[in-house]
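Here the protein sequences come in this chain order: Y and W. One point on numbering: in the UniProt record's numbering, the residue at position 257 of the first sequence is 257, and numbering is uninterrupted. One point on numbering: in the UniProt record's numbering, the residue at position 51 of the second sequence is 51, and numbering is uninterrupted. Heads up, the thing below is written out as structure tokens.
There are 2 protein chains.
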Amino acid sequence: MRPRLQDVADRAGVSMKTVSNVINGYVHVSEAMRAKVLAAIDEVGYEPNLSARNLARGRAGMIALVVPQLDMPYFASLSMHVLEAAEKQGWVVLIQQTRGDAEKERAVLAGRFGQRVDGIVFSPLRVGTDEIRQRRDRTPLVLLGERPVDGVADHVVIDNVAAADLAVSHLLDLGRRRVAMIGGPVGSTGTHRSEGYAAALTRRGIAVDPDLVVPVHSNRGEEGEAAMDAMLARLDTPPDAVFCMTDWVALGVIRSLHLHGLRVPDDVAVVGFDDIPYSTASTPTLTSISPDRAAVAREAVASLAAQQKGEHEPREIEVGFELVVRESTAGGAGLRRPAGR
Amino acid sequence: MRPRLQDVADRAGVSMKTVSNVINGYVHVSEAMRAKVLAAIDEVGYEPNLSARNLARGRAGMIALVVPQLDMPYFASLSMHVLEAAEKQGWVVLIQQTRGDAEKERAVLAGRFGQRVDGIVFSPLRVGTDEIRQRRDRTPLVLLGERPVDGVADHVVIDNVAAADLAVSHLLDLGRRRVAMIGGPVGSTGTHRSEGYAAALTRRGIAVDPDLVVPVHSNRGEEGEAAMDAMLARLDTPPDAVFCMTDWVALGVIRSLHLHGLRVPDDVAVVGFDDIPYSTASTPTLTSISPDRAAVAREAVASLAAQQKGEHEPREIEVGFELVVRESTAGGAGLRRPAGR
DNA sequence: ATGAAAGCGCTAACAA
DNA sequence: TTGTTAGCGCTTTCAT
Numbered sequence: 001m002r003p004r005l006q007d008v009a010d011r012a013g014v015s016m017k018t019v020s021n022v023i024n025g026y027v028h029v030s031e032a033m034r035a036k037v038l039a040a041i042d043e044v045g046y047e048p049n050l051s052a053r054n055l056a057r058g059r060a061g062m063i064a065l066v067v068p069q070l071d072m073p074y075f076a077s078l079s080m081h082v083l084e085a086a087e088k089q090g091w092v093v094l095i096q097q098t099r100g101d102a103e104k105e106r107a108v109l110a111g112r113f114g115q116r117v118d119g120i121v122f123s124p125l126r127v128g129t130d131e132i133r134q135r136r137d138r139t140p141l142v143l144l145g146e147r148p149v150d151g152v153a154d155h156v157v158i159d160n161v162a163a164a165d166l167a168v169s170h171l172l173d174l175g176r177r178r179v180a181m182i183g184g185p186v187g188s189t190g191t192h193r194s195e196g197y198a199a200a201l202t203r204r205g206i207a208v209d210p211d212l213v214v215p216v217h218s219n220r221g222e223e224g225e226a227a228m229d230a231m232l233a234r235l236d237t238p239p240d241a242v243f244c245m246t247d248w249v250a251l252g253v254i255r256s257l258h259l260h261g262l263r264v265p266d267d268v269a270v271v272g273f274d275d276i277p278y279s280t281a282s283t284p285t286l287t288s289i290s291p292d293r294a295a296v297a298r299e300a301v302a303s304l305a306a307q308q309k310g311e312h313e314p315r316e317i318e319v320g321f322e323l324v325v326r327e328s329t330a331g332g333a334g335l336r337r338p339a340g341r
Numbered sequence: 001m002r003p004r005l006q007d008v009a010d011r012a013g014v015s016m017k018t019v020s021n022v023i024n025g026y027v028h029v030s031e032a033m034r035a036k037v038l039a040a041i042d043e044v045g046y047e048p049n050l051s052a053r054n055l056a057r058g059r060a061g062m063i064a065l066v067v068p069q070l071d072m073p074y075f076a077s078l079s080m081h082v083l084e085a086a087e088k089q090g091w092v093v094l095i096q097q098t099r100g101d102a103e104k105e106r107a108v109l110a111g112r113f114g115q116r117v118d119g120i121v122f123s124p125l126r127v128g129t130d131e132i133r134q135r136r137d138r139t140p141l142v143l144l145g146e147r148p149v150d151g152v153a154d155h156v157v158i159d160n161v162a163a164a165d166l167a168v169s170h171l172l173d174l175g176r177r178r179v180a181m182i183g184g185p186v187g188s189t190g191t192h193r194s195e196g197y198a199a200a201l202t203r204r205g206i207a208v209d210p211d212l213v214v215p216v217h218s219n220r221g222e223e224g225e226a227a228m229d230a231m232l233a234r235l236d237t238p239p240d241a242v243f244c245m246t247d248w249v250a251l252g253v254i255r256s257l258h259l260h261g262l263r264v265p266d267d268v269a270v271v272g273f274d275d276i277p278y279s280t281a282s283t284p285t286l287t288s289i290s291p292d293r294a295a296v297a298r299e300a301v302a303s304l305a306a307q308q309k310g311e312h313e314p315r316e317i318e319v320g321f322e323l324v325v326r327e328s329t330a331g332g333a334g335l336r337r338p339a340g341r
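Laid out in structure tokens, this is it:
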């Protein structure tokens, strides 16, 4: 049978309380006592029973991570980091997928997890500020992603305007002038990346050309490909650069360009967003905005911990990002390998 | 405060036991009683406390899923399915990553999770049959992946020999004769995919050419690219087809071929293994062996459930797969789009 | 600084 | 068929 706290106490010749004190790092324990207890723990091979601990502490011991889909590489990578950050707080992570379904997203806000979890890290695709504001569930919540939340809950983000601006400026620095965007539309409220796109162009005195902007309704490669197909069919002269909302979309865009006989980056330079693992395996490798995912995860978990301790002023938490330049903007004929690889 | 079982009982005017019976689907409950209790549950908004339930039941309520890396798309996708299958058994999934580190893999066998979990789904990259046989931890264990396990534990797999055979036969059916393999080596014990490769060639009277086989030491795209570079540097005539151990490796191989001025599939057809989500976004889209991941996950979780109920004859559990044909073997100049997309 | 004992919310003998 | 009650293993007042 598995050793319990009492077994350790018996072995060390002390009470359960003392063992508990040692385990939980209570300060007022003599060094000798601590050593004796630790030895006993080691001898009997004690491991705390988390169900019992959580029951006694009145917490669930787990948090929910709600993402659109785990097999979307950005979220896979993000989840990885959340798992690591949560583990340090003694939390197990219950991953839930919404598959971009508005109903499922609403269920999260409605308390679908009941009080089963100590907190929720939520990356919404559909629900907006109003729905979030009106939620009744009191479970600590932290939001991720580009959608604005107007201070209704903690929100961990990168500065999407600045990031998009940086990506587009990079294209302009390369001498490109007809810079398209897949994934807009420009001007609709809250699309920060579109804002950065427009800002970068405007600063150089280039007007935003609506013909060079095609919105997509999901982040899938297929959508990106179709969008690029549509744009090319419509234009007499193709763009000389494309800024894509996500890397996955960018991969589809590159497919489309390739199938239309356009070379990347020679004819058209392409920048993505997210820096998914595949950006180094694609042909050409993909220039992309790389958000500091580890920081996103860390801040999200820290937010939940703070909320659990009573903190309750919703905060906007900003984390870093960088532009990683690879072949899709820097290569010659797709045959050179830049250092960034 | 969160409603408890007692609150439901009070509301319904019955005892806790009756409520518990209803919740746990005990058979001998009158319809009227059941309805009354369900109504009460609904009225007070009761949700069971899992810590308490698990403590009382003497189980942890969670299983561990140990994979090399969650942001490798095959494992991301697999994890997604495991989450779903486990949820149906009332299990939360604690995902752990080994990053292919032999030490971490051994820690899993040594009981790093203590008795913290009710079972372990383990996808090993390094540890072998012997180490698994010698483990002392009694936690139910089920293994995934190609590595053979000689009946030391439950093992969920596809028939890797048949799958590789199918992939290579497909290449031969296309008229290719110099079929290379990235990820061997042929003949080393237990590499089922290599076996299938050799079998398909032999059946057609083609000898395995050692010059056309290059092993890789990880499944990363970079490795595949380097391996293909090496092969091309060595050969006077390039192969006309390549069978790759994984899709990720295949992406790297395609990069290498492209950078050497070889067209896929015109000059060289490429088949991957795993059918990761990106195989439809790459240029060209990737022909691949697609294991029935949902079945893998389902069987793995079922295995743990069976072991927990006392079953203990290690079983080899086989699940299905299929070959998905896409542009990397079927396209013309990479410009045609086959129906398989 | 350490010990004794009362819960945490649920399940499952055992009774009725 | 339904009720009573003793744990499950841990934390945590409250004493000492």
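Built from N, CA and C at the ideal position, the CB exists for glycine as well. Because the structure is a prediction, the values reported are computed rather than measured.
Should residue i and residue j be called a contact, given that it needs their Cβ atoms to be closer than 7 Å?
i	j	result
W:Ala269	W:Leu171	yes
W:His81	W:Ala294	yes
W:Arg133	W:Val152	yes
W:Ala167	W:Phe243	yes
W:Glu316	W:Asp159	no
Y:Pro68	W:Asp71	no
Y:Gln96	Y:Val127	no
Y:Thr287	Y:Val271	yes
Does DSSP put residue i in a helix, a strand or coil?
i	result
Y:Glu313	coil
Y:Thr280	helix
W:Leu109	helix
Y:Leu235	coil
Y:Leu174	coil
W:Val156	strand
Y:Asp150	coil
W:Thr98	coil
Y:Ile120	strand
W:Leu257	helix
Y:Ser290	strand
Y:Gly272	strand
Could you check if residue i is buried or exposed, using at least 16 other CB atoms within 10 Å of its CB as the buried criterion?
i	result
Y:Tyr46	buried
Y:Gln6	exposed
W:Thr329	buried
Y:Gly13	exposed
Y:Ser30	exposed
Y:Arg99	exposed
Y:Glu195	buried
Y:Glu299	buried
Y:Asn24	exposed
W:Arg204	exposed
Y:Asp211	exposed
Y:Asp101	exposed
Between the C-alpha atoms of residue i and residue j, what's the straight-line distance to the nearest angstrom?
i	j	result
W:Gly58	W:Ser51	10 Å
Y:Asp137	Y:Ala110	6 Å
W:Glu322	Y:Ala199	48 Å
W:Ser218	W:Ala226	11 Å
Y:Ala40	Y:Ile63	32 Å
Y:Glu311	Y:Val27	25 Å
Y:Met231	Y:His260	12 Å
W:Glu87	W:Val249	32 Å
W:Val156	W:Val296	6 Å
residue 346 of chain Y	Y:Ser79	Nothing can be reported for residue 346 of chain Y: it is not among the residues displayed for chain Y, which extend from 1 to 341.
W:Glu131	W:Pro148	12 Å
Y:Ala281	Y:Thr139	40 Å
W:Arg336	W:Leu125	Per-residue confidence for W:Arg336 stands at a pLDDT of 34, beneath the threshold of 50, marking its modelled position as unreliable; the derived number appears in the next sentence. Rounded to whole angstroms, W:Arg336 to W:Leu125 spans 37 Å at the Cα level.
Y:Glu313	Y:Gly221	38 Å
Take residue i and list the residues in its own chain whose beta-carbon comes closer than 7 Å to its own, dropping the five residues that flank it on each side.
i	result
W:Ala333	The predicted model places W:Ala333 with a pLDDT of 38, which falls under 50 and marks its position as unreliable, so this point remains unresolved.
Y:Ile182	Val214, Val216, Gly224, Ala227, Met228, Val242, Cys244, Met245, Val249, Val253
W:Thr285	Ser279, Arg326, Glu327, Ser328, Arg341
W:Met16	Leu5, Gln6, Ala9
W:Ser290	Asp275, Phe321, Glu322, Val324
For residue i, I'd like the list of residues in its chain whose CB is within less than 8 Å of its CB, leaving aside the five on either flank, ordered along the chain.
i	result
W:Val19	Leu5, Val8, Ala9, Ala12, Val37, Ala40, Ile41
For residue i, collect the residues of the same chain with a Cβ closer than 6 Å to its Cβ; drop the 5 residues on either side in sequence, then sort them by chain order.
i	result
Y:Leu201	Val208
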